[in-house]
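Going line by line, the protein sequences match chains A and B.
Each residue of the first sequence is one higher than the last, beginning at 63 in my numbering.
Each residue of the second sequence is one higher than the last, beginning at 63 in my numbering.
Number of protein chains: 2
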Amino acid sequence: MARDDQRALQYEQTLMYGRYTQELGAYAKEEAARLREEGGWRRSVTERSRSLELLEYDRGRCAKCRICTVRCQKFLISRVGEDWIFLILLGLFMALVSWVVDFAIAICLQAQKWMYGGLESNVFLQYLAWVTYPVVLITFSAGFTQILAPQAVGSGIPEMKTILRGVVLKEYLTFKTFVAKVIGLTCALGSGMPLGKEGPFVHIASLCAALLSKFMSLFGGIYENESRNIEMLAAACAVGVGCCFAAPIGGVLFSIEVTSTFFAVRNYWRGFFAATFSAFIFRVLAVWNRDEETITALFKTRFRLDFPFDLQELPAFAVIGIASGFGGALFVYLNRLIVQFIRKQKTINKFLMKKRLLYPALVTLLVSTLTFPPGFGQFMAGKLTQKESLVTLLDNRTWAKQGIAEGFDYIGNSQAWNHPQVNVFVTLVLFIVMKFWMSALATTIPVPCGAFMPVFVIGAAFGRLVGESMAAWFPDGIHSDGTIYPIVPGGYAVVGAAALSGAVTHTVSTAVIVFELTGQISHILPVMIAVILANAVAQSLQPSLYDSIIRIKKLPYLPELGWGHHEKYNIRVEDIMIRDVMYITLNCCYRDLHDVLLTGHLKTLALLESSESMILLGSIERVQLQALLSLQLGRPRRLEYLRDRATAEKKRLSMVSHPGSEDGSQRVNQEVRFQISTEESSFSSTPTPSMKPLKPALKRSSVVDRPPDIPMPTSPQDHSGNTLKNLFCVNPETEGLEDDFDVDDDMTIREIAEWEENQLDEQVNFDNCKIDPAPFQLVERTSLHKTHTIFSLLGLDHAYVTSIGRLIGVVSLKELRKAIEGSVAVKGVKVRPPLSSFRDSGTSGSSSSNSENEATELHKLWDRHKSMSLPREHLASDSDEKSQ
Amino acid sequence: MARDDQRALQYEQTLMYGRYTQELGAYAKEEAARLREEGGWRRSVTERSRSLELLEYDRGRCAKCRICTVRCQKFLISRVGEDWIFLILLGLFMALVSWVVDFAIAICLQAQKWMYGGLESNVFLQYLAWVTYPVVLITFSAGFTQILAPQAVGSGIPEMKTILRGVVLKEYLTFKTFVAKVIGLTCALGSGMPLGKEGPFVHIASLCAALLSKFMSLFGGIYENESRNIEMLAAACAVGVGCCFAAPIGGVLFSIEVTSTFFAVRNYWRGFFAATFSAFIFRVLAVWNRDEETITALFKTRFRLDFPFDLQELPAFAVIGIASGFGGALFVYLNRLIVQFIRKQKTINKFLMKKRLLYPALVTLLVSTLTFPPGFGQFMAGKLTQKESLVTLLDNRTWAKQGIAEGFDYIGNSQAWNHPQVNVFVTLVLFIVMKFWMSALATTIPVPCGAFMPVFVIGAAFGRLVGESMAAWFPDGIHSDGTIYPIVPGGYAVVGAAALSGAVTHTVSTAVIVFELTGQISHILPVMIAVILANAVAQSLQPSLYDSIIRIKKLPYLPELGWGHHEKYNIRVEDIMIRDVMYITLNCCYRDLHDVLLTGHLKTLALLESSESMILLGSIERVQLQALLSLQLGRPRRLEYLRDRATAEKKRLSMVSHPGSEDGSQRVNQEVRFQISTEESSFSSTPTPSMKPLKPALKRSSVVDRPPDIPMPTSPQDHSGNTLKNLFCVNPETEGLEDDFDVDDDMTIREIAEWEENQLDEQVNFDNCKIDPAPFQLVERTSLHKTHTIFSLLGLDHAYVTSIGRLIGVVSLKELRKAIEGSVAVKGVKVRPPLSSFRDSGTSGSSSSNSENEATELHKLWDRHKSMSLPREHLASDSDEKSQ
């Protein structure tokens with residue numbers, strides 16, 4: 063069922079926070095126990111098999127040889143558990159994937175060119191071929207992805223960012239998604255649309271790592287450790303970028319910047335190791351395929367080394383940086399604008415939702431029509447593929463005419479930039495403008511695609527434009543004394559590419575990627591200056607592309623604190639915390655529990671010693687409490703009560719009578735219509751025999767992946783009665799009717815209600831309840847800055863604010879997000895933080911619309927229950943319908 | 063007094079953990095309060111001045127102009143608070159420092175060469191000049207540093223690592239240290255000894271940042287925020303490396319790898335920004351000084367771009383990597399061995415401690431004698447400075463003879479490598495071997511110096527050696543088809559340099575530094591492979607050089623978890639925690655407090671609700687408790703008691719009598735000998751009138767830097783009595799005898815003892831005590847891995863282990879360190895962790911020798927007190943001596 067929800071991409075339902083605390087508690091405990099057991103089991107197995115093997119081999123002839131082999135094998139298997147084996151395998155596999163994808167893309171693009179070239183006689187046919195080919199590929203890609211795994215759509219970096227933040231998006235790391243992403247990406251890029259492969263490769267590498275982990279767990283238990291998996295995912299992100307651009311260092315840095323908030327330096331080597339290996343294999347494959355003579359950079363440049371640029375050119379580089387900053391912000395804004403525009407237009411939206419493949423096809427049609435080389439494409443080098451454009455843009459020769467005599471020989475692909483009537487500057491400007499909105503539009507298509515490479519190319523074109531202008535302005539270079547060093551527009555292109563991609567992604571490491579891509583680091587200072595300036599401008603205007611997508615997709619993520627906003631040091635937790643904390647006490651009765659469950663909205667509730675002392679003992683998951691309540695009011699307990707009553711009756715009457723089984727079953731059948739399953743929410747703690755009584759220690763997340771071997775609690779026809787109905791009014795299941803109780807449930811609804819009322823007055827027994835004994839605590843004076851740090855560091859969902867053990871408030875991600883967005887919006891130093899006005903009003907409800915709705919609905923049910931405590935027809939009919 | 067301790071470099075006394083929790087509590091609160099007050103004050107001041115100004119200027123002639131200027135000025139001042147201003151200033155300043163230091167070093171080295179060259183007629187004089195010059199410089203450097211600021215000795219990276227971990231080493235960031243470090247470093251490097259400037263520059267940059275922060279705090283309050291300062295220090299480390307090598311990217315990465323455990327990505331841009339700016343200015347200065355034509359790399363190489371290396375050369379690169387790994391480990395080991403050898407030889411040690419300048423002089427003498435060019439130096443290119451050696455080693459031509467006809471022209475500095483009788487291979491081998499131990503020895507000299515550059519040069523020489531061998535082996539290169547690409551030994555040198563320096567420092571980013579230093583990235587894959595292999599080998603053999611120094615210096619630092627040691631996932635907190643936690647309860651009496659203080663050793667004590675419930679409410683600093691106790695038993699209270707008694711007496715007798723003041727003072731004088739000052743440990747909470755009653759909220763570190771404006775508590779002649787004496791038996795101060803109490807302290811010792819016994823039975827009043835209400839809590843099942851992460855993330859000193867609010871144990875850094883070292887020592891997968899045997903024995907005392915001693919001494923005193931509760935002569939005479 064959860065699966066279906068996720069397939070519909072309803073993120074809110076599938077997501078949850080608090081992975082961390084879960085891990086600290088129940089998860090770690092169970093895992094450790096299982097590991098120990100497994101370890102012991104495995105050891106005994108291997109020991110037994112070993113002795114058997116030894117016996118067997120001793121009788122053979124080349125026994126020594128064989129024993130040696132077996133030992134080697136064992137050694138190897140024992141080594142499989144080591145990190146570096148995993149990383150090598152990951153790197154190797156990703157390099158192969160990257161190379162194969164590249165190869166397939168190249169073939170696709172060649173096929174298009176071949177078709178286009180073969181139809182040169184007829185322009186209309188040529189146009190048809192030019193346009194149909196990408197439309198078909200993109201439509202296929204979109205359809206394939208939609209059907210197989212809708213999670214594969216888009217870049218994947220925002221999702222990875224969220225996953226590495228500690229949120230569990232399990233469906234994002236399945237084999238189906240992997241297949242959909244790889245094939246979808248190949249088709250999408252093969253169409254020649256302005257799309258990139260970088261973001262998807264980060265996702266693919268993570269998928270690879272997750273699948274490899276699963277596979278490797280057959281050999282060693284360590285692969286199932288959660289924190290190890292997170293570490294490996296972080297390394298995988300680096301591998302993704304690394305093998306995409308053959309840029310190991312840039313890959314590591316880019317993946318850190320893009321996905322992490324706090325980076326564990328001890329994982330650094332993992333990323334480097336895997337990314338280097340992957341990049342190495344990726345390039346070696348090219349050498350083996352005779353594409354290259356030796357291992358070099360992907361887009362090798364040949365700028366002069368002795369005098370790469372003059373000091374006086376630096377202002378031009380700075381201009382590129384600042385302009386790229388604005389451009390990058392504009393790109394992010396444009397991209398979001400397109401998405402929001404289409405979402406808002408309800409009629410368009412409805413139409414497109416029905417015909418999901420229409421939108422990709424239309425966009426592709428538009429883009430490919432405009433790039434049609436004999437048409438408008440001739441003014442914007444439409445003939446060139448993305449890769450070819452980039453290679454020509456990074457050329458170290460100058461295109462603009464140097465004086466009159468010598469003009470640049472446009473040979474090979476560079477020819478595309480040369481139009482007989484139109485200046486090269488016009489071509490470049492058109493290229494930049496057209497590609498800009500095309501890329502922004504194309505990245506909204508629901509296919510696996512990234513935006514890095516298109517932006518990179520646009521940046522290179524912009525840099526080239528500036529460079530060519532400079533070259534035209536100073537034909538003999540700027541340097542005054544001695545040798546003439548002409549200006550190298552290719553260097554400007556490198557700077558522009560790094561700056562614009564840096565601005566869009568809000569990263570500095572694009573500089574390193576550029577060096578690794580071009581194989582030259584001579585322009586390091588201009589590139590760094592431009593990238594930093596671009597970042598400064600872009601970050602002050604817009605969120606990064608990935609953060610923008612995170613907001614569009616409403617993924618749960620904590621925004622970063624802005625640059626140098628001082629007030630974040632002055633806002634304190636007491637300014638933002640919610641003071642009206644929902645809590646339960648150790649000695650509360652079930653009625654309190656019930657009331658609290660009806661009103662609160664947080665996933666966990668604070669457990670206090672008593673409402674006088676307010677001492678915080680721990681926190682309990684909502685689900686656990688619901689389970690407790692359902693246990694208390696459930697049918698088994700009522701039957702027990704009936705049994706006890708019957709025994710008492712028996713004793714009193716000293717008479718034994720077997721009630722007719724037929725009659726009893728009939729009664730049950732009659733009552734079925736009022737029964738509601740509590741299965742969904744109580745399975746994790748219903749006392750099945752397999753469940754050992756846990757030490758009251760640990761916490762569980764509310765969406766627990768049920769292990770397949772634990773039997774479903776057999777309470778499909780639980781007579782949960784009135785009170786529970788208010789809490790769990792969901793799909794009643796009434797197939798199985800087997801019942802091993804020897805007492806019949808012959809209570810009337812009124813009796814049940816009475817019984818429940820009595821039950822609610824009993825004191826809660828927390829023995830079987832999993833309690834998180836150490837929820838995170840803050841002090842009321844903790845600054846917002848510190849709180850943000852702690853939340854990001856530990857991946858917290860909420861933290862209690864205590865004062866010497868006394869609970870005084872709670873801060874959840876929501877409050878924090880609100881506070882940060884509030885603080886970021888306000889400029890300048892404020893003495894009184896803008897949020898201190900919350901201090902008093904914070905007590906009144908500031909719950910989100912979502913949870914408020916939830917609570918409201920529960921309230922409604924509760925009110926209804928109050929008004930009519932006798933059988934309700936409409937509820938009954940509701941469940942009747944489903945039980946038929 | 064604390065100052066004196068630190069000057070003697072007794073690290074243990076000056077250091078403390080727990081900065082984090084302190085900050086969370088008292089610090090943040092006070093800071094915020096102060097900020098608000100200050101802000102308010104400043105605002106009112108500026109508003110007033112503004113209106114005044116406006117009034118004034120309106121009367122002037124060019125009023126508009128002036129107003130505009132003033133506004134601009136104000137705007138600028140308001141901007142001073144921004145991070146980027148700070149970073150630009152820091153970068154600018156550090157670039158200047160770096161350039162000036164380089165310039166001075168170059169002049170020093172030139173002077174030596176000039177002296178050496180001028181005395182060519184007489185070898186003995188030449189030798190004398192060659193040897194005396196460095197000896198004088200090093201001795202001066204050592205002496206100067208020793209006198210001015212002994213903290214400036216050594217690299218500084220270990221200390222910065224510790225500081226960034228959250229430990230407060232205030233004396234490391236003073237102006238004195240800055241001066242000592244800069245001048246000491248210049249002299250040390252000017253001597254031509256194999257020392258580096260990188261580590262010291264990290265320290266210098268941090269010093270700069272700290273001083274600049276202080277300076278800037280004159281403009282804006284934000285500069286005094288602790289967490290901001292830590293962020294700026296991290297950026298400063300990047301600047302240090304960046305402006306030392308003109309390597310901004312490498313600088314940032316290296317500083318992250320070397321100093322951080324968890325890196326906040328939001329600080330990333332700070333480092334990049336400042337380091338880029340710094341590197342830029344550093345290189346621009348060189349251009350302005352006409353040293354360079356334009357901005358290029360520091361050690362520019364000119365390898366060919368089209369075919370940098372053949373795929374078949376990769377094994378050779380891998381060999382360099384692995385050999386460098388062993389070499390790096392050997393270097394670290396050798397360095398530590400030398401230190402430990404000298405420390406162990408007690409006679410040598412004693413002698414050297416007396417004549418502190420002898421050791422540097424001797425080492426310098428030895429090294430410079432061996433490098434004397436006409437002597438042994440001729441076989442190891444002794445003539446060349448470090449920089450010259452590196453430039454020649456990175457040369458892109460081949461030294462070994464290619465066939466017979468063409469030999470390499472050794473021109474310029476390369477001549478030094480060419481010895482008429484001896485092969486260049488022998489020269490290289492001798493260079494490597496000699497420099498290896500020389501560098502290891504030289505870095506133990508107590509002057510400001512790093513080891514990075516010497517190691518870098520040795521690595522380059524080793525790479526060159528392998529490269530030359532390869533070139534000799536394959537004179538026509540390895541590539542088989544088509545063009546002949548001869549082997550480039552310079553490329554091997556680059557690989558070797560990166561690999562060896564990476565192995566010694568355990569970093570991968572040396573690769574990036576190498577690219578930035580040489581300005582070429584064509585060898586990226588060989589370099590990455592070699593660096594990773596070198597790291598893999600070195601990390602499995604030895605700690606990094608910086609960690610080794612941390613251990614030698616016994617700095618408080620948490621060791622890293624080893625690579626892929628699985629058992630760290632299986633060890634749990636309950637295996638390592640101390641179960642016998644010292645605690646106090648809310649309703650305890652002062653006697654309990656006293657007993658607990660006598661036995662425990664941790665800096666903080668747990669505060670429980672009651673010993674039955676064991677519910678953890680918070681933790682209290684030991685110092686706070688001592689203060690509470692001293693308050694309870696102090697003279698003011700006793701006087702109050704006396705006053706009350708006197709009043710009662712008065713009432714009873716209805717008679718007023720003024721006791722002779724002369725008599726009283728005499729009595730006081732008589733008793734002075736028994737009085738002991740409690741000032742040292744109680745100043746932070748003695749209720750001086752300036753102290754507002756704090757909400758019982760927050761925690762303080764035990765070594766509090768007393769703000770200069772808070773008056774010393776005036777209790778120099780506190781009659782603390784017997785019980786307190788046991789706790790604070792230190793320098794009694796008895797100068798001032800002013801006393802504004804109107805009752806005389808005429809109690810006898812016995813009376814005092816009795817009174818104290820009564821006082822001890824009273825219940826403790828925690829109202830004025832600073833309590834940390836949210837000490838960090840773990841669950842007993844938390845894994846070691848997770849615990850380590852949390853401790854490193856949050857910079858914790860200790861964490862309580864709780865189970866639903868109940869305190870069951872405590873884990874401090876010590877236990878954790880022990881556990882990690884235990885787990886790292888054991889190899890392979892263990893099902894049962896080696897530490898689970900601790901589980902039961904852990905309860906018995908496992909306190910360190912240091913704190914045990916402390917406790918033992920207290921015990922002794924306590925016993926003594928028990929045995930003789932009447933006046934003690936020897937204590938009295940002790941205090942008498944000092945009071946005279």
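Cβ atoms here follow ideal geometry from the backbone N, Cα and C, with glycine treated the same way.
In this structure, Y645 (chain A) sits away from E824 (chain A), with a CB-CB distance that is not shorter than 7 Å. Around the beta carbon of L199 (chain B), 16 or more other beta carbons lie within 10 angstroms, which makes this residue buried.
Within the DSSP secondary-structure output, V863 (chain B) pairs in a beta bridge with B:L840 and B:G871. Residue state for R634 (chain A) is assigned as strand, using DSSP reduced to three classes. Within chain A, V570 and N597 have C-beta atoms less than 7 Å from the C-beta of W331 (chain B), given in sequence order. Fully contained in the segment 256 to 326 of chain A are the following alpha helix (DSSP H) runs of length 4 or more, in chain order: 260 to 278, 288 to 307 and 310 to 321.
Judged by pairs of C-beta atoms under 8 Å, the segment 181 to 194 of chain A does not touch the segment 316 to 330 of chain A, as fewer than three such pairs exist.
If you compare the alpha carbons of B:T426, B:S845, B:K126 and B:N291 with that of I638 (chain B), the shortest gap goes to B:S845. Between L840 (chain A) and V658 (chain A), the beta carbon gap of about 22 Å keeps them out of contact (Cβ cut-off 8 Å).
Bridge partners of E671 (chain A) according to DSSP: none are assigned.
Separation of D642 (chain A) and N827 (chain B) (C-alpha to C-alpha, rounded to the nearest whole angstrom) is 30 Å.
In this structure, G439 (chain A) places its C-beta atom within 7 Å of the C-beta atom of T433 (chain A). Pairing M496 (chain A) with P310 (chain B), the inter-Cα distance amounts to about 35 Å. Under the Cβ criterion of 7 Å, L280 (chain B) is not counted among the residues facing chain A. Between the segment 194 to 210 of chain A and the segment 507 to 518 of chain A, the count of C-beta pairs closer than 8 Å reaches three or more; the two stretches touch.
When DSSP states are grouped into helix, strand and coil, Q172 (chain A) belongs to the helix group.
Think of a sphere of 7 Å around the beta carbon of E319 (chain A): the chain B residues whose beta carbon falls inside it are V327 and Y330, in chain order.
P551 (chain B) is outside the set of residues whose beta carbon lies under 7 Å from a beta carbon in chain A. For Q582 (chain B), the chain A residues whose Cβ falls inside 9 Å of its Cβ are L367, G581, Q582, I583 and S584, in order along the chain. Below the 9 Å Cβ cutoff, chain A contributes no neighbours of L226 (chain B), its closest Cβ being approximately 11 Å away. The continuous alpha helix (DSSP H) containing E819 (chain B) extends over residues I811 to L822. Look at C651 (chain B) here: in three-state DSSP terms it is strand. Chain B places a beta carbon closer than 7 Å to that of V574 (chain A), counting this residue as a contact. Taken through DSSP and simplified to helix, strand or coil, L414 (chain A) comes out as helix. Excluding its 5 nearest sequence neighbours in each direction, P196 (chain B) has C-beta neighbours in its own chain below 7 Å: S253, G254, M255, T426 and S430, listed in chain order. Judged by DSSP secondary structure, I682 (chain B) falls within the beta strand (DSSP E) whose first and last residues are L678 to E683.
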